[in-house]
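Chains as they are written, first to last, in our numbering: chain A, 1 to 186; chain B, 1001 to 1186; chain C, 2001 to 2186. By construction, the Cβ of each residue, glycine as well, lies at the ideal position given by its N, Cα and C atoms. All of these numbers come straight from a predicted model, not from anything done at the bench. Working notes, structure below.
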């Protein structure tokens, strides 16, 4: 273990996926510290949290604040709605662990900004091959309900599933979270 | 085994979660009988079924009748849409096994009755720590579809996920049911 | 292995279930060839693909074409929206492997054609007991979102879950696919 590792955490809305990802990232840190540390004093690993949520309305604002309060204070938060690959490239030399939460919100930000979603997805996924810190990526499963009645939602659902597949394929470990309980599926 | 045990069964609509819960509860009974019984004559365990569905329209009425017919006759049915914690407290000394079906419908009853949902959820979850019979709780996974377009549905989805997480955390065993097939996740 | 085997693959929209089913069917073929072949020259197994999608609009047409291109050329495609049981009966002596994709679309075709869905489901499921080639069946999980607000969607969701349960019960092997990753649940 130690060094580069991509972990992908997928679950439904309010499935506990973000909390699980945070715990996993914190425990992973401890494991790395243990390995490195031995009897010596362990270096404190540097942790970056990439939040994709934009506070466009009160509902969203409340959610963002709630999430922030749940994070331990040793996480540095970066708020970036769109340019995730560039941000990771920029900060990966300064941080041991990056947690990116979440892929689905990022996708909806791409859609809101009228960006070429397929292109952005491919760019993001390619960038994962050159990441050299530990990266935890959180995403939503949105494809297990009834077919949405508008084309935009169907397109979003399709791209979201496509993105999840691509990231899961690249990831070293994948967890599916239901009711707060993870199942390791890869 | 034997004595107090909280089992949580979660699945999608028509996933077979109720039938699985019923089978599990019946088999659990047999197991207990076996342990207690030996060569002696086994006492018949008393089984209570808490149904939360309200027959507000024909569709619901049909569903309720269908479910009732599927239950073996040794289950005593209690119909209670809202005050579940109080009901469990009342009947737990008279029954060995209680099956509560389902958490999601109870939550929607709370919403329909304009009750303080967070408060009721916390009250219900606290009450689980003092249950002293075997309790089986059935719930729906509702968070794996596309984000609902109205705020009420989003709020319901959030609270439902929150409730499922809390109950799963307290439960001794958790099953996820898909297409009638359970996966034991805790 | 070898001979008759029913495999059921369930997953959300864009979960990678169709690709996984195709891979599984292709690998299964190889396995059979290996068993049969030894040092001899293996016979080429004959593979039929039953596609249920109807190109009613451009969106659907595009999806169908995309799926077709993803299939290796040794698969013979049969396009049949409704009479699946009859088609399987007709072709099972000429093919070693049949892949039917997907159950959910078939169900929506039944609904669009105003057919008696319960009757057709029961007919289809009964027919599975007499299949004597290897059959792979793909289906959608559609019951893990919020309750749909129209009765038709709720009815579709119910029947879809009912059908998935019945097929999963008959199947020899069942896989749940999330983000392209299968979990063998039976």
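Non-local C-beta neighbours of residue 2136/C in its own chain, meaning closer than 6 Å and more than five positions away in sequence, comprise 2007, 2021, 2025, 2099, ordered along the chain.
It is roughly 11 Å from the alpha-carbon of residue 1111/B to the alpha-carbon of residue 1160/B. In this structure, residue 178/A lies near residue 1010/B, with their beta-carbon atoms less than 8 Å apart. With contacts defined by Cβ atoms closer than 8 Å, residue 2141/C and residue 1012/B form a contacting pair. Per DSSP, the beta bridge partners of residue 177/A are 11/A, 182/A.
Contact check between the segment 1072–1087 of chain B and the segment 1113–1129 of chain B: three or more CB pairs, one atom from each, fall below 8 Å, which counts as touching. Between the segment 1056–1073 of chain B and the segment 1117–1133 of chain B there are fewer than three inter-stretch CB-CB distances shorter than 8 Å, so the stretches are not counted as touching.
Straight through space, the alpha carbons of residue 1143/B and residue 1157/B are spaced by roughly 6 Å. At a cut-off of 8 Å between beta-carbon atoms, residue 2116/C makes no contact with chain B. Those residues of the segment 2148–2176 of chain C placed with their C-beta closer than 8 Å to a C-beta in chain A are 2148, 2153, 2156, 2157, ordered along the chain. Residues of the segment 2012–2028 of chain C whose Cβ lies closer than 9 Å to any Cβ of chain A, in chain order: 2012, 2013, 2014, 2015, 2016, 2019. Under the criterion of beta carbons closer than 8 Å, residue 146/A and residue 2016/C do not qualify as touching, at roughly 20 Å. When DSSP reads this structure, residue 1077/B sits in a beta bridge with 1049/B. The Cβ-Cβ distance between residue 166/A and residue 102/A does not fall below 8 Å. Apart from sequence neighbours up to five positions away, the residues of its chain that approach residue 1170/B with a beta-carbon distance below 6 Å are 1128, ordered along the chain. Taking the beta carbon of residue 2111/C as reference, no residue of chain B falls within 8 Å; the closest one sits roughly 15 Å away.
Looking at 48/A, 182/A, 183/A, 64/A, the one whose alpha-carbon comes closest to that of residue 105/A is 64/A. Annotated three-state conformation of residue 1084/B is helix, per DSSP.
Taking the C-beta atoms as reference points, residue 134/A is found nearer than 8 Å to residue 96/A. Residue 141/A has a beta carbon lying within less than 8 Å of a beta carbon in chain C.
By DSSP's assignment, residue 113/A forms no beta bridge with any residue.
The beta-carbon distance between residue 87/A and residue 163/A, rounded to whole angstroms, is 17 Å. This is too long to meet the 8 Å contact definition.
Leaving aside the five residues that flank residue 1123/B on each side, the residues in its chain whose CB is nearer than 8 Å to its CB run, in chain order, 1085. Residue-level contact by beta carbon holds for residue 2186/C and chain B, with a gap shorter than 8 Å. In the same chain as residue 91/A, and ignoring 5 residues on each side of it, the C-beta atoms closer than 8 Å to its own belong to 48, 78, 98, in chain order. Residues of chain A with a Cβ closer than 7 Å to the Cβ of residue 2070/C do not exist; the shortest Cβ-Cβ separation is about 13 Å.
Within the segment 45–71 of chain A, those residues whose Cβ lies closer than 8 Å to any Cβ of chain B are, in chain order, 59.
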